[in-house]
């Protein structure tokens, strides 16, 4: 079924249908799944839930990482795109929130549950032209601009993502800013945390922080060592979020935090998670510093008080894998 | 005919009156509003001076909770992120004076919600009586959680979910954000009893039940409780106070002071019951 677009940019998209995008992309993206268990997921049953966050900002939950959508007079800005198989459902929900075109997609990192829909969704949008145009001049206005830290691009090239899904605007410094829908937006690189390309996105007027996978409410932090992740980078990122967020009275609400996975949160939730990760890091470091091997460190159960809340013995990220990643990360 | 009509009238009147009484009972609106002074005559040493560190007797906790408690450093409470937190609703009934009032829909005159305010840190709760849907799975959790109430005779039953992580006891024994609170508010003339049942699949092996009594006090005035967090102790960026396993300097202090076996002092469901 062809996807219709708004009158303002229908000519950009009139030949583009979701089925076309699926043909081009789904098979490729499935092959990229490093998170094996999720490759088996039946996306037909997935519903995209929309949770209003604040003043034109929404959190979309389906399968994979949470999506954040900002709507306003300038159009739609979205952060992360989940899996390619969900793009049609996601786009339908976004159109319910705003008929305006998607102008920007910001990727928090390069994992497929966060960038999988790039190639489907970006062409359905339209870059604002007239200023700097990151793509070729003839492509100006054709498709949303995909913004990410430079190493996200490197990872996606290395992993042979389709060209259409690659970031079209990258940066390599610690902070990139932009002004969109009447508010300043800061994109802050978090070095060597969940991966080597993580960013957190801070909507300064709306007072919402989008964290990507450096913060979740569902599991121990997934430290992707192969892509440059590290325990100390995760903790530094969590402390940065705690620095940015300001709670209202009684340490609740105020700055809202959209996690990479899980429920909408605030500073107190990040503090609990930061404390948990820091305490576990400190315990494992103390054990390692005392000369213990990895197996000896695992024996006393350094995560035992948090396992039934955040741990797992199966899936792509087990408690054992987390302990191993921390053990490696506290060396020296 | 007249006697028959008269008796029919009386019969209809009685039926209608009975129905009205039954309706009133089914939608009982026992008045629990007012200013309630906390009596704090149960568990006073725990509730006012505070529990000893590593005093877990009487708590149906599992090993995970015990480890978390032994790791807890009270220095945490001096961190700016913790200074202005109110007690979560499952602990609030243990501590502060209480104000209760109701919200009434003017058209139907039905109570749509009970509201509560506590003195310390001024947490306020809304106990919805309209049986609305609970928040979405991905909605934020809060200190006071989301509460739905129903009347059972003169007892107000409340189920609270969507809580932020809190504590079973103020010495580091946690209650997870997957826990829930079942409460029963019972008024006996000038007394109010709140029975709180906490369930937590993460840290409790059995429901944990506490009761707290209050007395009505129309003259009770609650002072405001403003709070502004401040850095009180200079710490390294990201420092989190806690004790490493085996390094808690208070280990055994409570057991020794009261001559209790150390294992017993560390709680568990078996310490809730008589031998």
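Protein chains in written order, with the numbering used here: chain A, 1 to 332; chain B, 1 to 275.
For each residue, glycine too, the CB sits at the ideal point set by N, CA and C.
It should be emphasised that the depicted structure is a prediction, and the values quoted were computed from it without experimental measurement.
Asked, Found
"Using a Cβ-Cβ cut-off of less than 9 Å, give me the residues of the region 279-309 of chain A that come near chain B, in sequence order.", "279, 282, 283, 286, 287, 300, 301, 302, 304, 305, 306, 307, 308, 309"
"Hey, is the region 145-158 of chain B in contact with the region 184-195 of chain B, meaning 3+ C-beta pairs nearer than 8 Å?", "yes"
"What are the start and end residues of the beta strand (DSSP E) that includes residue 319/A?", "Note, residue 319/A: premise wrong, no beta strand (DSSP E); alpha helix (DSSP H) at 319-329."
"Which class does residue 191/B belong to by DSSP, given the choice of helix, strand or coil?", "strand"
"Quick one: what does DSSP say residue 239/A is sitting in, helix, strand or coil?", "helix"
"With H, G and I counted as helix, E and B as strand and the rest as coil, what does DSSP make of residue 165/A?", "helix"
"Give me the subset of the region 48-67 of chain A whose CB atoms are less than 9 Å from a CB atom of chain B, sorted by chain position.", "49, 51, 59, 61, 66"
"Note down, in chain order, all residues in the region 81-101 of chain B with a beta-carbon under 7 Å from any beta-carbon belonging to chain A.", "81, 84, 85, 86"
"By DSSP, does residue 110/B sit in helix, in strand, or in coil?", "coil"
"Could you check if residue 87/B is buried or exposed, using at least 16 other CB atoms within 10 Å of its CB as the buried criterion?", "buried"
"Nearest to residue 180/A by CA position, among 65/A, 91/A, 102/A, 284/A, is which residue?", "102/A"
"Going by DSSP, which residues form a beta bridge with residue 125/B?", "116/B"
"Which residues share a DSSP beta bridge with residue 147/B?", "127/B, 160/B"
"Compare the C-beta of residue 51/B against all C-beta atoms of chain A and say whether one is closer than 8 Å.", "no"
"Please list the terminal residues of the continuous beta strand (DSSP E) segment that includes residue 76/A.", "75-79"
"Helix, strand or coil for residue 171/A? Go by DSSP, reduced to three states.", "strand"
"Assign residue 35/B to one of three DSSP states: helix, strand, or coil.", "strand"
"Would you list, in sequence order, the uninterrupted beta strand (DSSP E) runs of no fewer than 3 residues that lie entirely inside the region 254-328 of chain A?", "256-258"
"Just to confirm, does residue 201/A get its C-beta within under 7 Å of one of the non-hydrogen atoms of the ligand GTP?", "Although the ligand GTP was asked about, the structure shown includes no ligands whatsoever."
"Within the same chain, show all residues whose beta-carbon is closer than 6 Å to that of residue 70/B, passing over the 5 residues directly before and after it, in chain order.", "248"
"Is it a yes or a no for the region 255-274 of chain B touching the region 49-63 of chain B, going by three-plus beta-carbon pairs under 8 Å?", "yes"
"Can you tell me which residues form a DSSP beta bridge with residue 211/B?", "195/B"
"What first and last residue would you give for the beta strand (DSSP E) that runs through residue 104/B?", "98-104"
"From the DSSP output, which residues share a beta bridge with residue 104/A?", "77/A, 145/A"
"Could you check what DSSP says for residue 30/B in three-state terms: helix, strand or coil?", "coil"
"Does residue 92/A pass the burial test, meaning 16 or more other C-beta atoms within 10 Å, or should it be called exposed?", "exposed"
"Could you please give the first and the last residue of the uninterrupted alpha helix (DSSP H) stretch that includes residue 94/A?", "87-97"
"Once DSSP output is grouped into helix, strand and coil, what is the label at residue 255/B?", "helix"
"In whole angstroms, give me the CA-to-CA distance for residue 355/A and residue 207/A.", "Within the shown structure, residues of chain A are numbered from 1 to 332, placing residue 355/A beyond reach of any answer."
"Check the Cβ of residue 252/A against every Cβ in chain B and list those closer than 7 Å, keeping chain order.", "142, 143"
"When you compare only the Cα positions, how much space is there between residue 109/B and residue 129/B?", "13 Å"
"In chain B, which residues lie less than 9 Å from residue 239/A when you measure between Cβ atoms?", "237, 238"
"Residue 174/A: which of 58/A, 150/A, 155/A sits nearest, CA to CA?", "150/A"
"Quick one: which chain B residues come within Cβ less than 9 Å of residue 272/A?", "164, 165, 177"
"Is it the case that the Cβ atoms of residue 188/A and residue 214/A are separated by a distance below 8 Å?", "no"
"Taking the alpha-carbon positions, what's the residue 229/A to residue 75/A distance?", "33 Å"
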